[in-house]
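The structure under discussion appears below in the form of structure tokens.
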Amino acid sequence: MEDYRWIYLIILLQAVLLGVVLFFGQNLTLYSAQSGLSRGADIREIAGDLLHEHLESYENRSLPSDSRLSGFVIEDIKIREESFDSAVLLATVSFKPYDIDVSRWAFLPDRDGHWIKNYQLTVYLERDQSGRFSIVRTAPSI
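Sequential numbering from 1 applies to the sequence shown in the working numbering.
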């Protein structure tokens with residue numbers, strides 16, 4: 001009977017531990033979600049989506065051919081500065097102008113055929129009244 005007391009004690013401790021985890025679980029996950037690593041990943045993902053939308057707007061057929069893109073690839077996004085309501089990111093982008101010879105990017109030295117490779121963009125994000133981030137500007141502008 002002595003051996004069973006240890007088993008009952010272990011089961012009781014597991015039940016108490018499970019109760020504590022279930023009771024405080026939301027707070028623990030909230031604290032981990034607010035950690036810097038999680039926030040950085042969220043900002044990077046949001047910035048990637050916003051930059052993708054921003055570059056897609058340059059594929060619009062109503063734009064003049066010298067500022068129109070026919071394709072792009074976002075290669076890397078790094079966080080330079082971050083606060084609750086703003087962020088500054090460095091993005092590496094490769095893109096294909098609609099007509100590279102008459103485009104405003106024809107002077108760039110990083111040309112690879114019809115593509116501009118490894119173009120560095122500084123992307124400035126700000127949070128609006130609704131809490132959503134948006135691109136305020138890019139430097140240099142595309």
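From the three backbone atoms N, C-alpha and C, an ideal C-beta is built for every residue, glycine too. From a predicted model like this one, the values you see are computed outputs, not experimental measurements.
About 5 Å separates the beta carbon of Ile-43 from that of Ala-87, a gap short enough to meet the 8 Å contact definition. Under DSSP, no beta-bridge partner is assigned to Lys-117. Separation of Phe-95 and Glu-56 (C-alpha to C-alpha, rounded to the nearest whole angstrom) is 11 Å. In the DSSP assignment, Gly-71 falls within the unbroken beta strand (DSSP E) covering 69-82. DSSP places Ala-91 in the strand class (E or B) of the three-state scheme.
Here Ile-135 carries a strand assignment [DSSP, helix/strand/coil]. Taking the Cβ atoms as the reference, Thr-122 lies roughly 6 Å from Leu-90, within the contact range of under 8 Å. Between the alpha carbons of Gly-131 and Arg-61 lies a gap of roughly 31 Å. Within 10 angstroms of the beta-carbon of Tyr-98 lie 16 or more other beta-carbons, which makes it buried. Contact annotation: Asp-66 and Val-102 have beta-carbon atoms nearer than 8 Å. When secondary structure is reduced to three states using DSSP, Ser-62 falls in the coil class, being assigned neither helix nor strand. Contact check for Leu-51 against Ile-79 fails: the beta carbons are separated by 8 Å or more.
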